[in-house]
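Everything below concerns the one structure shown next.
Residue numbers (the working numbering): 1 to 203.
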C-alpha cells in the first residue's frame, strides 16, 4: 500500500526532474544512492533557508526540485534492487520518507525545526545504509571510494544546513557539535581521497 501511495505521489508532482536511468549498474546505483544522502540534507537546508528568509524564492525552487529528484531516484533504486537486503533498506527509507515529506514541505516553523532535523538525520542514516548495502553487494573495488566521494556532497549540504539552523537561532545544543563534526569528517575524507591509490582526476 505504501509503495502504491509513493508511486501515486510521483505522478502528481508538477515539476520536471532529470531523467534517471532505469536498469542501472551497481556502480551507478552506488552513485545514485549516495546522491540520496545529499538530497536529504539539501531539503533540510532549504527548509531552514525558507524559515530564515534567506533567498526564499530560490530555496523553494531547490526544495521542490530536491523532493522530486529524491522520489524519482528512489523508484529507480527500487527497480534496480537485486537483493532482499537492499530492498529491506529501501523499505526503511520509504517508511521514514512518507511522513518526512509532508513535514518538510510545510510552512517552516522554528519550534518544529528541532524534531524535524532529528527525523532528517534518521532519514540520512537510512539512505546511508542503502549505499552501504549496495556497496557490499557490488564487490566493486572502487566502490568504497565512490561512496566516500559521494559522501562529500552530502557533508557540504550538512555543513550548510547546520550553519543555517544556527543562523536562524534554532535552540539545539547539538547543532554546533554536528557542524564541527561534519567539517572534520569532510576534511578527513578529502585527505583520504587524495592519498588513495585508486584516486583519479574524476574522483
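Glycine residues also receive a C-beta, built at the ideal position from the N, C-alpha and C atoms.
CB contact flag (residue i, residue j, <8 angstroms)
| i | j | result |
| --- | --- | --- |
| residue 124 | residue 37 | yes |
| residue 138 | residue 26 | yes |
| residue 133 | residue 73 | no |
| residue 43 | residue 76 | no |
| residue 151 | residue 34 | yes |
| residue 114 | residue 64 | no |
Host alpha helix (DSSP H) of residue i (start-end)
| i | result |
| --- | --- |
| residue 174 | 174 to 195 |
| residue 123 | 110 to 138 |
| residue 51 | 26 to 52 |
| residue 69 | 56 to 80 |
| residue 102 | 84 to 104 |
| residue 169 | Residue 169 -> no alpha helix (DSSP H), and no H or E assigned at all. |
Anticipated Cβ contact below 8 angstroms, residue i with residue j, distance rounded
| i | j | result |
| --- | --- | --- |
| residue 30 | residue 170 | Not really, about 33 angstroms apart at Cβ, beyond 8 angstroms. |
| residue 161 | residue 41 | 5 angstroms |
| residue 158 | residue 182 | 5 angstroms |
| residue 105 | residue 67 | 7 angstroms |
| residue 86 | residue 130 | 7 angstroms |
8 angstroms Cβ shell around residue i - same chain, five flanking residues per side excluded
| i | result |
| --- | --- |
| residue 164 | 45, 48, 49, 52 and 54 |
| residue 178 | 158 and 162 |
| residue 70 | 36, 39, 40, 43 and 97 |
| residue 175 | 162, 165 and 166 |
| residue 103 | 112, 116 and 119 |
| residue 122 | 96 |
Cβ neighbours of residue i in the same chain (closer than 6 angstroms, five flanking residues each side left out)
| i | result |
| --- | --- |
| residue 112 | none |
| residue 108 | 47, 50 and 51 |
| residue 143 | 30 and 135 |
| residue 141 | none |
| residue 92 | 126 |
| residue 3 | For residue 3, the pLDDT reaches just 46, beneath the cut-off of 50, and the residue's location in the model is therefore unreliable, although a value from the coordinates is still provided. There are no such residues. |
Close-in-space but distant-in-sequence residues of the same chain around residue i (CB under 7 angstroms, 5 per side omitted)
| i | result |
| --- | --- |
| residue 185 | 155 |
| residue 83 | 137 |
| residue 189 | 148, 151 and 152 |
| residue 168 | 48, 51, 52 and 110 |
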